[in-house]
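First residue of the sequence shown? That's 0 in numbering that gives the first Met the number 0, and the numbers climb one at a time after it. Note that the Cβ used here is the ideal one computed from N, Cα and C, for glycine as well. Treat the numbers as computed from the prediction; the structure is a model and nothing was measured. Encoded as structure tokens, the structure appears first; notes follow it.
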Amino acid sequence: MPGANVVIVGKTIGTVTDFDGNFNLATSEMPPFKIEISSIGYTSSTEDITSANQTVTVVLNESQTFLDEVVISASRTPERIFESPVTVERIGISEIKNTTAADFYGGLENLKGVDVNTNSLTFKSVNTRGFASFANTRFMQLVDGMDNSTPALNFPIGNLVGLIEPDVLSVELLPGASSALYGANAFNGILFMRSKSPFDYEG
């Protein structure tokens with residue numbers, strides 16, 4: 000197996016197998032010691048070295064590597080993003096940190112089908128599906144599942160009463176007609192903002 004890592008356990012001394020899977024580990028470390036052979040997608044193996052010029056044959060077994068799945072909640076019930084029947088635009092913590100906008104809310108304009116209207120220094124509003132108005136009464140904004148619209152105006156007032164950037168876990172946007180699952184006020188789209196759990200993140 001080419002490209003496998005071979006290291007002395009507990010040391011920073013090691014080498015890499017060649018194209019044919021062979022390796023030669025030259026070290027001043029005196030036996031006995033252990034070496035660990037590892038490669039992505041395979042289970043690591045540990046071998047005992049008891050003498051100099053010892054020849055070892057190692058067989059690595061394949062293993063399954065499970066990556067973290069992205070779970071979205073824009074379709075009423077939590078589901079994996081690649082199983083969602085509708086288009087869901089999502090930004091997570093890493094995208095929020097790397098945005099070039101002044102804040103994460105302004106960075107939403109980088110999402111597909113989104114226009115962010117800057118109405119004043121602190122008031123920005125999100126628009127989708129071509130309804131470019133600061134008073135988008137058919138756009139819903141939820142913060143941890145709670146409607147963030149102002150009762151008197153009946154439309155979201157940007158992020159004036161929303162989350163601050165250090166508290167944002169993820170932002171999901173459902174711009175299509177499927178957002179109407181949440182009622183008539185979500186006909187133009189719906190924005191989900193999720194905050195970090197105090198049990199998982201420090202304040």
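Review point. Whose C-alpha, out of Asp47, Tyr41 and Lys123, is nearest the C-alpha of Gly106?
Key: The residue you call residue 106 lines up with position 107 of the sequence shown. Checking every option, the nearest Cα to that of Gly106 belongs to Lys123.
**Study point:** Enclosing beta strand (DSSP E) for Asn116 [first to last residue]
**Key:** Numbered from its first residue, the sequence shown carries residue 116 at position 117. Unbroken beta strand (DSSP E) run through Asn116: Val113 to Thr117.
**Study point:** Start and end residues, beta strand (DSSP E) containing Lys33
**Key:** Along the sequence shown, one-based indexing puts residue 33 at 34. Following the DSSP letters along the chain, one finds Lys33 inside the beta strand (DSSP E) bounded by residues Phe32 to Ser37.
Exercise for review: Return the residue from the list Leu59, Pro165 and Asn187 that minimises the CA-CA distance to Ile92.
Suggested key: Working through the sequence shown from its first residue, we reach residue 92 at position 93. Comparing Cα positions, the closest option is Pro165.
Check your understanding: What's the gap between the Cα of Ala100 and the Cα of Ser62?
Key -> Walking along the sequence shown from the start, residue 100 turns up at place 101. Walking along the sequence shown from the start, residue 62 turns up at place 63. If I take the Cα positions, the gap works out to 42 Å.
Review point. Which of the three DSSP states, helix, strand or coil, is assigned to Tyr41?
Key: Against the sequence shown, residue 41 aligns to sequence position 42. Note: Tyr41 maps to strand in three-state DSSP.
Point to revise | Beta-carbon proximity list for Asp146, same chain, < 7 Å, skipping 5 on both sides | key: In the sequence shown, residue 146 corresponds to position 147, counting from 1. Excluding sequence neighbours, Asp146 sits near Met139.
Check your understanding: Expressed to the nearest angstrom, what Euclidean distance is found between the alpha-carbon atoms of Ile189 and Leu172?
Key -> Translated into positions along the sequence shown, residue 189 becomes position 190. Translated into positions along the sequence shown, residue 172 becomes position 173. Near 6 Å, if we compare the C-alpha coordinates of Leu172 and Ile189.
Review point. Taking C-alpha atoms, which residue in Gly13, Gly2 and Asn116 lies nearest to Gly40?
Key: Walking along the sequence shown from the start, residue 40 turns up at place 41. The option with the nearest alpha carbon to Gly40 is Gly2.
Practice item. State the start and end residues of the unbroken alpha helix (DSSP H) segment that holds Lys96. Key: Within the sequence shown, numbered from 1, the residue matching residue 96 stands at position 97. Run containing Lys96: Ile92 to Asn97, per the alpha helix (DSSP H) assignment.
Review point. What does DSSP give as the partner residues of Lys123 in its beta bridges?
Key: Stepping through the sequence shown from its first residue, residue 123 is reached at position 124. For Lys123, which the question treats as bridged, DSSP gives the partners Thr117.
Practice item. Just the C-alpha distance for Val142 and Gly161, rounded to the nearest angstrom, thanks. Key: As a position in the sequence shown, residue 142 is number 143, starting the count at 1. As a position in the sequence shown, residue 161 is number 162, starting the count at 1. Rounded to whole angstroms, Val142 to Gly161 spans 7 Å at the Cα level.
Check your understanding: Do Thr203 and Val15 have their CB atoms nearer than 8 Å?
Key -> The question about residue 203 has no answer, for the chain in this structure spans 0 to 202.
Review point. Would Met29 be called buried (16 or more neighbouring beta carbons within 10 Å of its own) or exposed?
Key: Taking the sequence shown and counting its residues from 1, one reaches residue 29 at position 30. Exposed: under 16 other Cβ atoms inside 10 Å.
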